[in-house]
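Report on the structure given below.
Protein chains: 2
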Amino acid sequence: MASILAVGSVAYDSVKTPFGEVEEVLGGSGTYFSVAASFFTQVDLVACVGEDFRRQDVQFLESRNVDLEGLEVMDGQTFRWKGEYGYDLNERTTLDTQLNVFSDFQPKIPEKDRKSDYVFLGNIDPALQREVISQVQKPQLVACDTMDYWIDGHFESLLETLKYVGILLVNDSEARQLAREANLVKAARKILGWGPGIVVIKRGEYGVLMFQMDHQASLGQGGLPQGGEMSVFGAPAYPLEDVFDPTGAGDSFAGGFMGYLAGVNRSDAQAMRQAIIFGSVLASFSVEKFSLDRLKELTYTEIELRYREFKEMTHFEDFQELPTALPS
Amino acid sequence: MASILAVGSVAYDSVKTPFGEVEEVLGGSGTYFSVAASFFTQVDLVACVGEDFRRQDVQFLESRNVDLEGLEVMDGQTFRWKGEYGYDLNERTTLDTQLNVFSDFQPKIPEKDRKSDYVFLGNIDPALQREVISQVQKPQLVACDTMDYWIDGHFESLLETLKYVGILLVNDSEARQLAREANLVKAARKILGWGPGIVVIKRGEYGVLMFQMDHQASLGQGGLPQGGEMSVFGAPAYPLEDVFDPTGAGDSFAGGFMGYLAGVNRSDAQAMRQAIIFGSVLASFSVEKFSLDRLKELTYTEIELRYREFKEMTHFEDFQELPTALPS
Numbered sequence: 139m140a141s142i143l144a145v146g147s148v149a150y151d152s153v154k155t156p157f158g159e160v161e162e163v164l165g166g167s168g169t170y171f172s173v174a175a176s177f178f179t180q181v182d183l184v185a186c187v188g189e190d191f192r193r194q195d196v197q198f199l200e201s202r203n204v205d206l207e208g209l210e211v212m213d214g215q216t217f218r219w220k221g222e223y224g225y226d227l228n229e230r231t232t233l234d235t236q237l238n239v240f241s242d243f244q245p246k247i248p249e250k251d252r253k254s255d256y257v258f259l260g261n262i263d264p265a266l267q268r269e270v271i272s273q274v275q276k277p278q279l280v281a282c283d284t285m286d287y288w289i290d291g292h293f294e295s296l297l298e299t300l301k302y303v304g305i306l307l308v309n310d311s312e313a314r315q316l317a318r319e320a321n322l323v324k325a326a327r328k329i330l331g332w333g334p335g336i337v338v339i340k341r342g343e344y345g346v347l348m349f350q351m352d353h354q355a356s357l358g359q360g361g362l363p364q365g366g367e368m369s370v371f372g373a374p375a376y377p378l379e380d381v382f383d384p385t386g387a388g389d390s391f392a393g394g395f396m397g398y399l400a401g402v403n404r405s406d407a408q409a410m411r412q413a414i415i416f417g418s419v420l421a422s423f424s425v426e427k428f429s430l431d432r433l434k435e436l437t438y439t440e441i442e443l444r445y446r447e448f449k450e451m452t453h454f455e456d457f458q459e460l461p462t463a464l465p466s
Numbered sequence: 139m140a141s142i143l144a145v146g147s148v149a150y151d152s153v154k155t156p157f158g159e160v161e162e163v164l165g166g167s168g169t170y171f172s173v174a175a176s177f178f179t180q181v182d183l184v185a186c187v188g189e190d191f192r193r194q195d196v197q198f199l200e201s202r203n204v205d206l207e208g209l210e211v212m213d214g215q216t217f218r219w220k221g222e223y224g225y226d227l228n229e230r231t232t233l234d235t236q237l238n239v240f241s242d243f244q245p246k247i248p249e250k251d252r253k254s255d256y257v258f259l260g261n262i263d264p265a266l267q268r269e270v271i272s273q274v275q276k277p278q279l280v281a282c283d284t285m286d287y288w289i290d291g292h293f294e295s296l297l298e299t300l301k302y303v304g305i306l307l308v309n310d311s312e313a314r315q316l317a318r319e320a321n322l323v324k325a326a327r328k329i330l331g332w333g334p335g336i337v338v339i340k341r342g343e344y345g346v347l348m349f350q351m352d353h354q355a356s357l358g359q360g361g362l363p364q365g366g367e368m369s370v371f372g373a374p375a376y377p378l379e380d381v382f383d384p385t386g387a388g389d390s391f392a393g394g395f396m397g398y399l400a401g402v403n404r405s406d407a408q409a410m411r412q413a414i415i416f417g418s419v420l421a422s423f424s425v426e427k428f429s430l431d432r433l434k435e436l437t438y439t440e441i442e443l444r445y446r447e448f449k450e451m452t453h454f455e456d457f458q459e460l461p462t463a464l465p466s
């Protein structure tokens, strides 16, 4: 079992959905990622918070195998995000963003974490993502998230970061925007040409597609593909009757995905597929209640059970031969 | 191997996409369904055309195992449809619809087809769908398609038809509209309460979900579910780099789906899953070229190969146990 070095945001979220609302609850990409991954392994979280960060939130994260030596407490206020979802829970409106201390965030990797084998670069400035990579000696697997803001305004910097990344996790609109290509398969192929050996495309309620260069050997640091064929893995999302709060679903996915890989210390093609399912499992639980509420009460037994439900939900046998050949 | 009795439209389509356009080519739901199903079994097509229906189109359908005894040639012109797709191939604009002889269509089932075990009711007036059912003695499996027009304007009639239907095939917006419920799982549960033992929800590029009452025994004529738990099967769509013309994808799906079931003469849960994959395979081929062009040149060997690609694309193994249990 290996631990994960994760860099991301820790925030206080205020969220409104048609089913209720919460104010100033613990959130942020680094938080969701860490809590989801903590079911599988220890997470060393590098992030920053303000002086107002609540003691109970520190205690909660520590209770979940999250090492906080890299959590810097800075002068000022913790990052605030306020958003609202309509009945179409795929559409989110950001009402207010106050970066606060996060705008001055300079990730410093604790000495003890500089030999981490598994690194997750949350959605921050691509230049900072590279700084993190440069502080880690020889990671076995570097995964990276990003968003439209960086794709739009820091495209060249993001491309530079991708050279050092083994796995890029994005949603479908981000993949299209990044590759400037409407067709997802073509977009994935283009992105794979820029460095990552794997592109994971999250499609919310429609599931996940993973595109992978067939040359597994190339998936070391940097993960530059040597060319060759592309293979695809596709999984549906877990069909839920009640979705209360989609906040953090993508980060919970990333946490389940990386958590499993580090937990079993594998990065082969079959483990990647299993990790996609664990990512989908954690994302599906995350949205069942507000904020981190469902992840807080979740057990590993429930996670295993839902993994098996995914297997049952997607399994089909080889076809039966037709009894007689048709004239063709 | 059983044959399929299919009722649907035969039309001349004019289609424009960003990649080209065709004028007055053979189309219609009954046509796409029959051609796709013809790779697996014989289809007895009940439909109507006008005096202008081309001899070469009759010959083509006959060359594909499609029995045309039930194809009525009526006074007037064949159904015309004209549509356009933008770069988002999920969005289609109907430019012109001329029902012509189709507006007076009264399906008459040939004597020899009244003992059909497999019946597909294409997208026509629900009252006519019931007339078809009433003319067939004791079908083993009745599947049915519909569209927003009938859901909007003939809701009660459609509900009456659903009492006699074992499988409803709809797309996701139709499922939501029919059940008046935004959540797809809840929508499926509601529809299953109205008669069908199975609801297949087509989501275009996002794949397919199949919801099924666990009481298999109830899947006879009418297919009234006896209550009980609902099981789900989910499959992604085949990721295509080039989609030229989405026209007929849903009907090709239905043809591959029913074609396989009739071809192997099965309606058990495992065969249903295999049929969903064959439906997805036929739909994926259908959109690769304009009109019926790809299906015309398709071979059964290619179909089997793509089925195996689907298996490879969706397969994942059971997870590896974590090396050491985490404190929880």
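So the sequence lines, in the order shown, correspond to chains A and B.
For the first sequence, the working numbering begins at 139 and goes up steadily by one.
For the second sequence, the working numbering begins at 139 and goes up steadily by one.
Using N, Cα and C, we set each Cβ at its ideal position, and we do this for glycine too.
A quick note: this is a predicted structure, and the numbers were derived from the prediction, not measured.
Legend entry - Beta-carbon proximity list for Tyr398 (chain A), same chain, < 6 Å, skipping 5 on both sides: Phe178, Ala413 and Phe416
Inset, instruction - State yes or no: is the beta carbon of Glu455 (chain A) nearer than 7 Å to at least one beta carbon in chain B? - result: Yes - at least one Cβ of chain B is within 7 Å of the one on Glu455 (chain A).
Legend entry - Phe198 (chain A), enclosing alpha helix (DSSP H) - first and last residue: Arg193 to Ser201 is the span of the alpha helix (DSSP H), which, as asked, contains Phe198 (chain A).
Legend entry - Residue range of the unbroken beta strand (DSSP E) whose run includes Phe217 (chain B): Phe217 to Tyr223
Inset, instruction - Measure how close the beta-carbons of Gln315 (chain B) and Ile289 (chain B) come, nearest whole angstrom, since I'm counting them as under 8 Å. - result: Under the criterion of beta carbons closer than 8 Å, Gln315 (chain B) and Ile289 (chain B) qualify as touching, at roughly 5 Å.
Legend entry - Arg446 (chain A) (DSSP reduced to helix, strand or coil): helix
Inset, instruction - Could you tell me which residues DSSP puts in a beta bridge with Asn321 (chain B)? - result: Looking at the DSSP assignment, Asn321 (chain B) forms no beta bridge with any residue, so it has no partner.
Legend entry - Interface flag, Thr155 (chain A) vs chain B, CB-CB below 7 Å: Not closer than 7 Å to any Cβ of chain B, the Cβ of Thr155 (chain A) fails to qualify, so no.
Legend entry - Stretch-stretch touch, CB-based, cutoff 8 Å, three pairs: the segment 428-438 of chain B with the segment 206-216 of chain B: no
Legend entry - Contact with chain B by Ser452 (chain A), beta-carbon distance below 7 Å: Before going further, note that residue 452 (chain A) is Thr rather than Ser in the sequence given. Judged by the 7 Å Cβ criterion, Thr452 (chain A) is in contact with chain B.
Legend entry - Alpha-carbon spacing of Ala149 (chain B) relative to Gln215 (chain B), whole angstroms: 10 Å
Inset, instruction - Give the residues of chain A in contact with Val402 (chain B), contact being defined as C-beta atoms less than 9 Å apart. - result: Phe457, Gln458, Glu459, Leu460 and Pro461
Inset, instruction - Note the first and the last residue of the continuous beta strand (DSSP E) segment covering Met348 (chain B). - result: Taken as a continuous stretch (DSSP letters only), the beta strand (DSSP E) holding Met348 (chain B) covers Val346 to Met351.
Inset, instruction - Decide if Met139 (chain A) is buried, meaning its Cβ has at least 16 other Cβ atoms within 10 Å, or exposed. - result: exposed
Inset, instruction - Write down every uninterrupted run of the beta strand (DSSP E) in the segment 214-274 of chain B whose length is 3 residues or greater and which is fully enclosed by it, in chain order. - result: 217-223, 230-236 and 256-259
Inset, instruction - Note down the Cα distance separating Ser311 (chain B) from Ser241 (chain A), rounded to an integer number of angstroms. - result: 42 Å
Inset, instruction - Tell me, please, whether the segment 344-352 of chain A touches the segment 370-389 of chain A by the rule of three or more beta-carbon pairs shorter than 8 Å. - result: The answer is yes - the segment 370-389 of chain A touches the segment 344-352 of chain A, with three or more Cβ pairs under 8 Å.
Legend entry - Sufficient close CB pairs (3 or more, under 8 Å) joining the segment 271-286 of chain B to the segment 254-263 of chain B: Three or more Cβ pairs closer than 8 Å define a contact, and the segment 271-286 of chain B meets that threshold against the segment 254-263 of chain B.
Inset, instruction - Find the residues of chain B that neighbour Phe371 (chain A), judging by a C-beta separation of less than 8 Å, and give them in chain order. - result: Met451, Thr452 and Phe454
Legend entry - Cα-Cα separation between Val184 (chain B) and Tyr376 (chain A), rounded to whole angstroms: 39 Å
Legend entry - Best match in A:Ile339, A:Trp332 and A:Ser254 for proximity to Asn321 (chain A) [C-alpha to C-alpha]: A:Ile339
Inset, instruction - Give a yes or no on whether the minimum CB-CB distance between Met348 (chain A) and chain B is below 7 Å. - result: no
Inset, instruction - Mind the definition here: the segment 164-180 of chain B touches the segment 191-206 of chain B only if three or more C-beta pairs lie below 8 Å; say whether that holds. - result: yes
Inset, instruction - Return the residues of the segment 379-407 of chain B that lie within a Cβ-Cβ distance of less than 9 Å from chain A, sorted by chain order. - result: Glu379, Asp380, Val381, Tyr398, Gly401, Val402, Asn403 and Arg404
Legend entry - Length of the line joining the Cα atoms of Gly360 (chain A) and Glu189 (chain A): Note that Gly360 (chain A) has pLDDT 42, beneath the 50 cutoff, so the model's placement of it is unreliable and the number below is only indicative. Rounded to whole angstroms, Gly360 (chain A) to Glu189 (chain A) spans 36 Å at the Cα level.
Legend entry - Neighbouring residues, chain B, relative to Ile415 (chain A) (Cβ below 7 Å): Phe454
Inset, instruction - Determine the chain A residues that contact Met351 (chain B) at a beta-carbon separation under 7 Å, and present them in chain order. - result: Correct list: empty, because the minimum Cβ distance to chain A is about 15 Å.
Inset, instruction - Could you check if Asn228 (chain A) is buried or exposed, using at least 16 other CB atoms within 10 Å of its CB as the buried criterion? - result: exposed
Inset, instruction - Taking Ala281 (chain B) as part of the beta strand (DSSP E), name the residues at either end of that continuous run. - result: Leu279 to Asp283
Legend entry - Beta bridge counterpart(s) of Ile142 (chain A) as assigned by DSSP: A:Val181 and A:Tyr256
Legend entry - Beta-carbon spacing of Ile305 (chain B), Pro277 (chain B) below 7 Å: no
Inset, instruction - Say whether chain A places a C-beta atom closer than 7 Å to the C-beta of Ala313 (chain B). - result: no
Legend entry - Chain-ordered chain B contacts of Lys324 (chain A) [CB-CB under 8 Å]: Simply Glu379.
Inset, instruction - Run through the segment 287-323 of chain A for me and flag every whole beta strand (DSSP E) of 3 or more residues, listed as ranges in chain order. - result: 305-309
Inset, instruction - Establish whether the CB of Pro334 (chain A) and some CB of chain B are separated by less than 7 Å. - result: no
Inset, instruction - Alpha carbon to alpha carbon, how far is Asp151 (chain B) from Gly221 (chain A)? Give it in angstroms, no decimals. - result: 46 Å
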